[in-house]
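**Student:** In the UniProt record's numbering, the protein residues as written are 1 to 899.
Glycine is no exception: its CB is placed at the ideal position from the N, C-alpha and C atoms.
#1: Return the CA-CA distance between residue 272 and residue 309, expressed in angstroms with no decimal places.
#2: Note down, in chain order, each residue of its chain lying with its Cβ closer than 7 Å to the Cβ of residue 323, except the 5 sequence neighbours on either side.
#3: Please list, in chain order, all residues of the same chain as residue 225 whose beta carbon is under 6 Å from its beta carbon, the five residues on each side excluded.
#4: Beta-carbon within less than 8 Å of residue 435's beta-carbon, same chain only, minus the 5 sequence neighbours each way: which residues are those?
#5: Please determine, among 824, 234 and 577, the residue with the shortest C-alpha to C-alpha distance to residue 975.
#6: Taking 9 Å as the threshold (C-beta atoms), are residue 393 and residue 401 in contact?
#7: Which whole-angstrom value describes the C-beta separation of residue 119 and residue 133, a residue pair presumed to lie in contact below a C-beta threshold of 8 Å?
#8: For residue 266, tell me which candidate among 289, 284 and 258 has the shortest Cα-Cα distance.
#9: What residue range is occupied by the uninterrupted beta strand (DSSP E) comprising residue 307?
#10: Please go through the same chain and pick out, in chain order, the residues whose beta-carbon is closer than 7 Å to the beta-carbon of residue 604, but skip the five residues on each side of it.
#11: Given a cut-off of 9 Å on the beta-carbon distance, is the pair residue 106 and residue 507 in contact?
#12: Let's test the definition: count the other Cβ atoms within 10 Å of the Cβ of residue 576 and tell me whether it reaches 16, buried, or not, exposed.
#13: When burial is assigned at 16 or more other CB atoms within 10 Å of the CB, is residue 222 buried or exposed?
#14: If you measure between the beta carbons of residue 260 and residue 338, is that distance less than 9 Å?
#15: Is it right to say residue 264 is buried, meaning 16 or more other beta carbons lie within 10 angstroms of its own, or is it exposed?
#16: Whose C-alpha, out of 354, 714, 703 and 643, is nearest the C-alpha of residue 751?
#17: Taking buried to mean at least 16 other C-beta atoms within 10 Å of its own C-beta, is residue 871 buried or exposed?
#18: Give the range of the alpha helix (DSSP H) segment to which residue 718 is assigned.
#19: Indicate whether the contact test is met: 3 or more Cβ pairs, each with one atom in the segment 382–393 and one in the segment 362–370, closer than 8 Å.
#20: Are the segment 35–52 and the segment 460–472 touching, with three or more C-beta to C-beta distances below 8 Å?
#21: Using CA coordinates, which residue listed in 111, 129 and 823 is at the minimum distance from residue 172?
#22: Would you report the Cα separation of residue 140 and residue 529, rounded to the nearest angstrom?
#23: Under 9 Å between C-beta atoms, does residue 327 make it to chain D?
#24: Could you tell me if residue 7 is buried or exposed, where buried requires 16 or more neighbouring beta carbons within 10 angstroms of its beta carbon?
#25: Just to confirm, is the Cβ distance from residue 117 to residue 490 under 9 Å?
#26: In three-state terms, what does DSSP make of residue 605?
#27: Which residue marks the beginning of the alpha helix (DSSP H) containing residue 577, and which one marks its end?
#28: Alpha carbon to alpha carbon, how far is residue 297 from residue 278?
#29: Is the distance from the Cβ of residue 123 to the Cβ of residue 154 below 9 Å?
#30: Is the number of C-beta pairs between the segment 24–37 and the segment 448–456 that are closer than 8 Å three or more?
#31: Among the residues of its own chain, which have a CB less than 8 Å from the CB of residue 783, if the five just before and after it don't count?
#32: Using 8 Å for Cβ pairs, my map puts residue 38 next to residue 520. What's the rounded Cβ distance?
#33: Run through DSSP, which three-state label would residue 871 get?
#34: Work out the CA separation of residue 13 and residue 361 for me, nearest whole Å.
#35: According to DSSP, which residues form a beta bridge with residue 152?
Shown next, in the form of structure tokens:
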């Protein structure tokens, strides 16, 4: 029979009814005292306010998954492709902005020679500088000392990377009150904090740095045994020890790398390192990973490993399948205990009891990233009465939470209840020192501004749901970025003693405010904050994290809103219904323009007549569309040409007009004309892919007037197709409106184009056997078209993604459910266009051997000098060497006849 109490620690508080290690109930109030802490609204004091204290998230990325981002970009990738790329790259960090708030951004260092503290925090445009303020007690008030310009103080040494974390270590060395450890993603820096006299500005002396080029830094910590030593953990599990005293002569520290052989523990899969801490000996460390915690003994030449905890230790009380360790810290009770938090469980461990938790809670927080242990005497300091002195001196409080999610909880624990001296229970407690949870965990409102009543909580949740999906609600709210607790002696100079004691908190807000507030111990949490409850404005109204970067800008911010009703209707599949409702609605006001001019009608007809297009005939044959391919075009582009040329001229006249027929747009109380690209003179089919870019924008003036050329298109083809349905009289009933779908029309046209492509012997990409072969359209086409309508020869291919040495077409990046989206068609140049046994005229023969496709430069003649020909030959030689190594290019090039 097991007479010890170790079995009790296997049942987490909050997971089972009547947890063995839980001390709770009204009968214990007289012994434990109040363990709830409420902010005092009247004690709220603003110490400093500046945008220099804000993290400056000017452009936080949207928290789209990679697959959704690829599918919703300007050039959408097929869904199957986006998901395959997402799976190849593995799990992605969905929100990079949240990673900036994993650590406490505020660190306090008290001056032992005066009544002041130094507050450290990252600052700068990229958070690459160490900023600090000196806060002193004057007339029972805490006052922040500013620099000559009324701003913050900064270290002279500016780092080249964003600061990840700042750690302070107080010391009693002569002339130095503490050390500062600052690490970025790939470097560690050390500073010495010196204060020369009373009311003097501290000086941060730069001591040295260490750069890591092969791997990034995961964690660092100061030694509680020797103040000059610090430990650094890298992402590959490397442990480095630095001694500032032994290497003070050198600015670049080398440190000592411990030879830790992880052995069988090295096969961690997707596990990542979390942090490191010193244990009870200066050369014994505790190192945490997302699946295990190790005790690393480096006292001898070979480091010994002991597994202290693993994820399987939580057993059935971890409700999710893939439980992971998230954060970890050293406990301050002694050098043997440490605290560990996973997705659901908070546990206190002892290095003397491997794989056996000391105490467990089910925390119920969302991805906590911060954990720290305080003595209860720090949290219940300056009490007016010493009714609960035993609990105050022996108890501890764990603050666990997330700065990004604005959730923090307090977990109080300590030894079992005191027993009468000389009793058997007293004798057992001397050698069996178990920790008990004191009451259930409670919420800790670090911001101090929120009202926790039901109405305010519901209002805040509705405000979060009202935001667009690409905006995190944290970017709209004033978050706590960091905090520190004043010492009891310094706090007693500001506030009078409380009935049960309390603590004084200094916090850093995302709005750039440095605030002071008193928290007092109480029996009940305050459910209603009158000051916050009376404010009827939404708590998510101001965009704190995004607005601070524009504070010093000399340009005013203006927002332009565009009505996208037609785009939304098209994406939702109800474009037909929206157009029908708008056309049935009577027009407001009189039209400022008459009907469209006859001149533009004639110009458009003349351009289309070149392709044997007539207003009175049916949609043109697909051979006309194929003859218009002057650059490599996908099947989708061929289908678009087919759709455009299938529209009647009266609808094309809506899409292509002159500037004189356009209505002006009202913008900023000014009427501005719209501008579109001019329809080219070269023979092309709509929508005219090859055109010269515009150079004037819409800033017309008295000297520069818009031309009378034909421009457009001004309406997209889905709207024109819907209008064509109206013209045919297909809007008489709801059933007819629901039958029309632009996607179905696009699919039907694509199938027709593909049918002709197969008849012309284009690559049959629906067959796996021929999926990688490019076939010329010149073969076996005489039985399809007569000589008068016979198209030019073509080449078809699938574009390859990634390494050009890929030979297997199945490795290409294209939608395997819709292969036509990746099939490209291009003309062969005239040198390889065979007609019987005759060769057509050769033009631009210098470029014929560069590639098989037709290169149309849009010029009639080109003359090259001898120097240009020399450079041309060199470039051609380089292209030949590259082509020999690129298998897809060689395969495509070899399919062209005559090459």
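**Tutor:** Quick answer:
#1: A straight-line Cα-Cα distance of about 15 Å links residue 272 and residue 309.
#2: Take residue 323, set aside five residues on each side of it, and the residues of its chain with a beta-carbon closer than 7 Å to its own are 311, 314, 342, 343 and 344, in chain order.
#3: Excluding five sequence positions before and after residue 225, the CB atoms of its chain that fall closer than 6 Å to its own CB belong to 282, given in chain order.
#4: Cβ neighbours of residue 435 beyond the five flanking positions: 21, 348, 358, 359, 413, 414 and 415.
#5: Residue 975 lies beyond the residue range present for the chain, which begins at 1 and ends at 899; the question has no answer from this structure.
#6: Judged by their CB atoms, residue 401 and residue 393 are not nearer to each other than the 9 Å cut-off.
#7: Rounded, the Cβ-Cβ distance is 5 Å, consistent with contact.
#8: When only C-alpha atoms are compared, the closest one is 289.
#9: Counting along the chain, residue 307 sits inside the beta strand (DSSP E) bounded by residues 304–310.
#10: Only 649, 652, 653, 656 and 710 meet the Cβ criterion.
#11: Yes, the pair counts as a contact, with Cβ atoms nearer than the cut-off.
#12: With 16 or more other Cβ atoms within 10 Å, it is buried.
#13: That one is buried.
#14: In this structure, residue 338 does not lie closer than 9 Å to residue 260 by Cβ.
#15: The residue is exposed, with fewer than 16 neighbouring Cβ atoms inside 10 Å.
#16: Nearest of 354, 714, 703 and 643 to residue 751, Cα basis: 643.
#17: Classification of residue 871: exposed, given that the 10 Å Cβ count is below 16.
#18: That run of the alpha helix (DSSP H) goes 717–727.
#19: In this structure the segment 382–393 does not lie against the segment 362–370, because fewer than three pairs of beta carbons, one per stretch, are closer than 8 Å.
#20: Contact between the segment 35–52 and the segment 460–472 is absent: fewer than 3 CB-CB pairs across the two stretches fall below 8 Å.
#21: If we check each option's Cα against that of residue 172, 111 comes out closest.
#22: For residue 140 and residue 529, the distance between alpha carbons rounds to 26 Å.
#23: Annotation note: the requested chain D is absent from the structure, which comprises a single protein chain.
#24: Classification of residue 7: exposed, given that the 10 Å Cβ count is below 16.
#25: Yes, the pair counts as a contact, with Cβ atoms nearer than the cut-off.
#26: If DSSP states are grouped into helix, strand and coil, residue 605 belongs with the helices.
#27: Run containing residue 577: 575–584, per the alpha helix (DSSP H) assignment.
#28: So the two alpha carbons sit approximately 10 Å from each other.
#29: Result yes, Cβ atoms of residue 123 and residue 154 sit closer than 9 Å.
#30: As far as the Cβ criterion goes, the segment 24–37 does not touch the segment 448–456, which means the pair count is below three.
#31: At residue 783 the pLDDT is 38, less than 50, meaning the model places this residue with poor confidence; the figure from the coordinates comes in the next sentence. Around residue 783: no qualifying Cβ.
#32: Contact between residue 38 and residue 520 is confirmed by a C-beta separation of about 6 Å, below the 8 Å threshold.
#33: Reduced to three states, the DSSP call for residue 871 is helix.
#34: Roughly 4 Å separates the two Cα atoms.
#35: DSSP output for residue 152 lists no bridge partner at all.
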